[in-house]
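Colleague:
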Amino acid sequence: MHSREDIALMAHLMRRAGFGESRWDLDARAAQGYEAVVEELLHPELQPAINDELMYRLLPGYEGALGPPINQADWI
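Spelled out as structure tokens, the structure:
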């Protein structure tokens, strides 16, 4: 378990980065360390590619003419 200060600092970082995190996710990120999480956020190209088939299965509205404009779905 991490200190309240570590969790609060990580929650603030993730809010500033535009992500909402669960307490479980904040604990996991706090275990990584603040600097490691900042580096991860600054270099998204190092993250594994998303599985498009899985995304379309879980979010079927993103595929086809009825989905949002393509640029709105690019962040996923």
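Residue numbering for the sequence shown follows this note's numbering, starting at 1 and increasing by one per position.
Cβ coordinates follow ideal geometry from the N, Cα and C atoms, glycine included.
Small disclaimer: the values here were computed from a predicted structure and weren't measured.
Just tell me which of Leu54, Ile7, Val37 has its CA closest to the CA of Trp24.
Modeller: Nearest C-alpha to Trp24: Ile7.
Colleague: Helix, strand or coil: which one does DSSP assign to Pro60?
Modeller: Correct three-state label for Pro60: helix.
Colleague: Would you grab the beta carbon distance between Glu21 and Ala11 for me? Rounded to a whole angstrom, and I think it's under 8 angstroms.
Modeller: Right, their Cβ atoms sit about 7 angstroms apart.
Colleague: Is Gln47 helix, strand or coil by DSSP?
Modeller: In this structure, Gln47 counts as coil in the three-state DSSP scheme.
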